[in-house]
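Asker: Below are the structure tokens for one structure; questions will follow.
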Amino acid sequence: MSGADHLHAVLFTLRPLQTSTAKVLGEVTAEIGLSLPERAIMEVLNATGESTVPQIGRSLLLPRQVVQRLADAVHERGLIEFVPNPAHRRSRLLRLSAAGRELFDRILAEETKLLAPVAETLDPRDIEACARVMAALNAAMHTMAQQLGDADQTE
Numbered sequence: 763m764s765g766a767d768h769l770h771a772v773l774f775t776l777r778p779l780q781t782s783t784a785k786v787l788g789e790v791t792a793e794i795g796l797s798l799p800e801r802a803i804m805e806v807l808n809a810t811g812e813s814t815v816p817q818i819g820r821s822l823l824l825p826r827q828v829v830q831r832l833a834d835a836v837h838e839r840g841l842i843e844f845v846p847n848p849a850h851r852r853s854r855l856l857r858l859s860a861a862g863r864e865l866f867d868r869i870l871a872e873e874t875k876l877l878a879p880v881a882e883t884l885d886p887r888d889i890e891a892c893a894r895v896m897a898a899l900n901a902a903m904h905t906m907a908q909q910l911g912d913a914d915q916t917e
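In terms of our numbering, the sequence shown is residues 763 to 917.
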């Protein structure tokens, strides 16, 4: 098999992996009444500190309008704050509130507990290598998707 054939096999496993991961980790967020897309907004903000709605949309490959609706829902729960954006008068930055940071830390701790038994069955070097490969694939597919015009939907 060629390298492209192997990559296709890897990519083919992602849909069922994403589905089962969403089911397992979704239990953590469902218990607190948070949807996985809302959790994704919080995850981006946890990683970036502050972001605009369009930046989050580009990161998640979601239309700006969808991100805005999700952000509004999370904001209504007091989990994120809208703050002035010094780079743009009309655009606001989003960031986790203190309650949002506390909740997200709790979510991560619960997810880590769920993942620990799986991690123990794998070689840490394999996990590290997998993370590097998946990050590279994600970046490449993200670039290809933007070139196909998906970036227009996130503006």
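Quick reminder that beta carbons are idealized off the backbone N, C-alpha and C, glycines included. Because the structure is a prediction, the values reported are computed rather than measured.
#1: Look up GLU843 in the DSSP assignment and say whether it is helix, strand or coil.
#2: With a threshold of 8 Å, are at least 3 pairs of Cβ atoms found where one atom belongs to the stretch 856 to 866 and the other to the stretch 833 to 848?
#3: Excluding sequence positions up to five away, which residues of its chain have a Cβ less than 6 Å from the Cβ of SER853?
#4: With distances taken between CB atoms, is the gap from LEU823 to HIS904 smaller than 9 Å?
#5: Just how far apart, CA to CA, sit ARG831 and MET763?
#6: Whose C-alpha, out of ALA907, LEU899, GLN909, LEU910, is nearest the C-alpha of ALA771?
#7: GLY819: buried (16+ other C-beta within 10 angstroms of its C-beta) or exposed?
#8: Please state whether DSSP places LEU858 in a helix, a strand or coil.
#9: Tell me the residue span of the alpha helix (DSSP H) that contains ASP834.
#10: Can the beta-carbon of GLY788 be found less than 9 Å from the beta-carbon of LEU798?
Answerer: Short version:
#1: Counting from one through the sequence shown, the residue named residue 843 turns up at place 81. It is a strand residue.
#2: yes
#3: Position 91 of the sequence shown, counting from 1, holds the residue named residue 853. Excluding residues within five positions, the ones whose Cβ falls inside 6 Å are THR814, ASN847.
#4: Indexing the sequence shown from 1 puts residue 823 at position 61. Indexing the sequence shown from 1 puts residue 904 at position 142. Yes, the pair counts as a contact, with Cβ atoms nearer than the cut-off.
#5: Taking the first residue of the sequence shown as position 1, residue 831 is located at position 69. Taking the first residue of the sequence shown as position 1, residue 763 is located at position 1. If you take the alpha carbons of ARG831 and MET763, they lie about 44 Å apart.
#6: The residue labelled residue 771 in the question sits at position 9 within the sequence shown. Out of ALA907, LEU899, GLN909, LEU910, the CA that lies nearest to the CA of ALA771 is found in LEU899.
#7: What you label residue 819 is simply residue 57 of the sequence shown in a count that begins at 1. Buried, because 16 or more other Cβ atoms sit within 10 Å of the Cβ of GLY819.
#8: For the purposes of this step, residue 858 is identified with residue 96 of the sequence shown, where counting begins at 1. In the structure shown, LEU858 adopts extended strand secondary structure according to DSSP, grouped into three states.
#9: Residue mapping note: residue 834 aligns to position 72 of the sequence shown, counting from 1. It spans 826 to 838 - the alpha helix (DSSP H) in which ASP834 sits, taken as one unbroken run.
#10: Residue mapping note: residue 788 aligns to position 26 of the sequence shown, counting from 1. Residue mapping note: residue 798 aligns to position 36 of the sequence shown, counting from 1. Judged by their CB atoms, GLY788 and LEU798 are nearer to each other than the 9 Å cut-off.
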